[in-house]
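**Q** Quick one: this structure, given as structure tokens, is what I'll be asking you about.
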Amino acid sequence: MASIVATTLLTSGSATLLASLIGIPLGARCARRGGLNGLRVVVRTLYGLPPVVVGVLVYLMLSNRGPLASLDLLFTVPAMVLAQTLLVLPLVWGGTWSAFDAITRDHREALDLLGLDARRRLRIEVGLVWRGVLNGVALGFGRAIAEVGSVLMVGGNIAGQTRVLTTSIVLETSRGDLDAAVAQGGLLLLLALAAMFLVEGMLKIRPRRNSEPAADSEVPTNMSTPHNEHRWSRINVVRNETTVLEVDDVVVRGGEVMVVMGASGAGKSTLLRAIAGLLPDVDGVPVPRGQGGIGRVAQHPVMLTAHATAEIALVQPDRMGLLAALDLEAVAMRPAAVLSGGERQRVSLARALALRPSVLVLDEFTSGLDLATTLVVEAMVRQVAAGGAAVVLATHDLAQARRMGDRRMLLDAGRSVDEGSTTAALLLGEPQG
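Each residue of the sequence shown is one higher than the one before, counting from 24 in the working numbering.
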């Protein structure tokens, strides 16, 4: 019985692991791309893939006349693992795809600008929705350990070699030994129950990532990369056959702060996303992603890791001093979920500055801060501009616009507004008459 249990766990565990190594990256990639509704329907259809069909296909591939006959794997544990992997893969793929769908646009755009390699990005994405990913893997394991048809066909139920609990139950039932069959069925349920309790325990534990703060807390003196100038003759953004932004002659220059102002819905955030290259139909500033690229604080800032220290370590571990410069040392190890909106804004700014950006895009980045903290943060942004970076700042705060702006751009209903117009006067709070 011990060998049967061991073979059961080896076969089902290996198949689940292989399906996870393939299915999790596939789920992440499909969720990133969006759409693909036809493929999603196909994957969901394969949830009900009959085990005997998989068994026949694997048998044909491994038989004497099959394309993989030279491997001599028929009636072996690897053949059983292959069959179960094919059965489990759609469940893991589809389950994790649904989990990755929960990653918000703001999280995806923050990851886009960091320029991470595929492996690091996948690790962060799994960390964001790891409970859903783990549930998808658990679903796959549940199917693998309970499967009988395909493993019986390609494994042969050979005693001491390929016999697992499900095929042993079938054998004992055919012999008429129902007591043994029921006992083995109970053992199979106990194994599945133990696995699910393990999953449940893991769901209650937040993975620790980069939990130790760096010892070096020196405030960086160089927080930007020089940028010359980039000009768009026109930026035109159309959504659902409606023009949401149409502006001409947009210029960002290194060493200056351009302030973008306008009422809610005027197109400020859309313009900033276009400049950052986050819109599919607009080419952003031609700088590489990652170090020396685009730093951004979104209107609704997000965190990608467990705490502020991990955010900086994700980008550049030797720039932890940014947390001290932004008065975040006291909350550096505090869980992201309990940080205030203003603290999240400062963490997002620290992450952006850790890139030493050549272009810094800020969308209402001090809306959750008191005046004293706002002035400290503004001074840091000024230092970034002084280092040669281009800064684009969207704000409703007239006082901040006057303090920070070297140049300004006014928007109304997605169009630029002339400085001397009545609309501009209203936006700037200037008296009329």
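Positions of the beta carbon are idealized from the N, C-alpha and C atoms, including for glycine.
Using a Cβ-Cβ cutoff of less than 6 Å, which residues in the same chain neighbour Ala297 once the five nearest sequence positions on both sides are dropped?
**A** So the qualifying residues of the chain are Ile258 and Val305.
**Q** In terms of residue numbering, what span does the alpha helix (DSSP H) encompassing Arg56 cover?
**A** Taken as a continuous stretch (DSSP letters only), the alpha helix (DSSP H) holding Arg56 covers Ala25 to Arg56.
**Q** To the nearest angstrom, report how far apart Thr396 and Leu351 are at their CA atoms.
**A** Cα to Cα, the separation comes out at about 11 Å.
**Q** Note down the Cα distance separating Gly89 from Phe98, rounded to an integer number of angstroms.
**A** Gly89 and Phe98: Cα-Cα distance of roughly 14 Å.
**Q** Which of the three DSSP states, helix, strand or coil, is assigned to Arg438?
**A** Of the three classes helix, strand and coil, the one that applies to Arg438 here is strand, per DSSP.
**Q** Can His330 be considered in contact with the ligand FMN, in the sense that its beta carbon sits closer than 8 Å to one or more heavy atoms?
**A** For the ligand FMN, the structure offers nothing, since it holds no ligand at all.
**Q** Just to confirm, are Val66 and Pro113 a CB contact at a threshold of 9 Å?
**A** Cβ distance < 9 Å, so Val66 and Pro113 count as in contact.
**Q** Indicate whether the contact test is met: 3 or more Cβ pairs, each with one atom in the region 140-159 and one in the region 63-78, closer than 8 Å.
**A** Touching, no.
**Q** How would you label Ser35, buried or exposed, when you count the other beta carbons within 10 angstroms and need 16 or more for buried?
**A** By the neighbour-count rule (16 or more Cβ atoms within 10 Å), Ser35 is buried.
**Q** Taking the continuous beta strand (DSSP E) assigned at Thr244, which residues delimit it?
**A** Looking at the DSSP string, Thr244 is not in any beta strand (DSSP E), and its letter there is neither H nor E.
**Q** Along the alpha helix (DSSP H) that carries Val76, what are the first and last residues, could you check?
**A** Its alpha helix (DSSP H) spans residues Pro74 to Leu85.
**Q** Go ahead and pull the three-state DSSP assignment for Asp202.
**A** If DSSP states are grouped into helix, strand and coil, Asp202 belongs with the helices.
**Q** Within 10 angstroms of the Cβ of His330, are there 16 or more other Cβ atoms? Answer buried if so, exposed if not.
**A** Label assigned to His330: buried.
**Q** With distances taken between CB atoms, is the gap from Val174 to Val187 smaller than 9 Å?
**A** Taking 9 Å as the Cβ cut-off, Val174 and Val187 qualify as a contacting pair.
**Q** Quick one: what's His253 bridged to in DSSP?
**A** Answer is Val275.
**Q** Verify whether the separation of the beta carbon atoms of Arg379 and Met246 is less than 9 Å.
**A** Going by C-beta atoms, Arg379 is nearer than 9 Å to Met246.
**Q** Could you tell me if Met219 is buried or exposed, where buried requires 16 or more neighbouring beta carbons within 10 angstroms of its beta carbon?
**A** Label assigned to Met219: exposed.
**Q** Going by C-alpha to C-alpha distance, which of Asp140, Gly316 and Ile126 sits closest to Ala413?
**A** Checked all of Asp140, Gly316 and Ile126; the closest Cα to Ala413 is Gly316.
**Q** What did DSSP end up calling Asn158 once you bin it into helix, strand or coil?
**A** Helix.
**Q** So, using beta-carbon positions, are Pro243 and Gly344 closer together than 9 Å?
**A** Yes.
**Q** What residue from Asp202, Gly208, Thr265 and Val308 has the CA that sits closest to Ala436's CA?
**A** Closest option to Ala436, Cα to Cα, is Thr265.
**Q** To which residues of the same chain is Ser444 closer than 6 Å at the C-beta, ignoring the five residues directly before and after it?
**A** So no residue of the chain qualifies.
**Q** Quick one: is Met427 buried, meaning 16 or more other Cβ sit within 10 Å of its Cβ, or exposed?
**A** It counts as buried.
**Q** Sorted by chain position, which residues of the same chain lie with C-beta nearer than 6 Å to Asn251's C-beta, five sequence neighbours on each side aside?
**A** Excluding residues within five positions, the ones whose Cβ falls inside 6 Å are Gly277.
**Q** Find the nearest neighbour of Gln107 within the set Thr189, Ala359 and Ala355, judged by alpha-carbon distance.
**A** It is Thr189 whose Cα lies nearest to the Cα of Gln107.
**Q** Can you find the residues in the same chain that come closer than 6 Å, C-beta to C-beta, to Leu349, ignoring five residues on each side of it along the sequence?
**A** Correct list, in chain order: Arg369 and Ala373.
**Q** Within 10 angstroms of its Cβ, does Gly163 collect 16 or more other Cβ (buried), or is it exposed?
**A** The residue in question, Gly163, is buried, as its Cβ has 16 or more Cβ neighbours within 10 Å.
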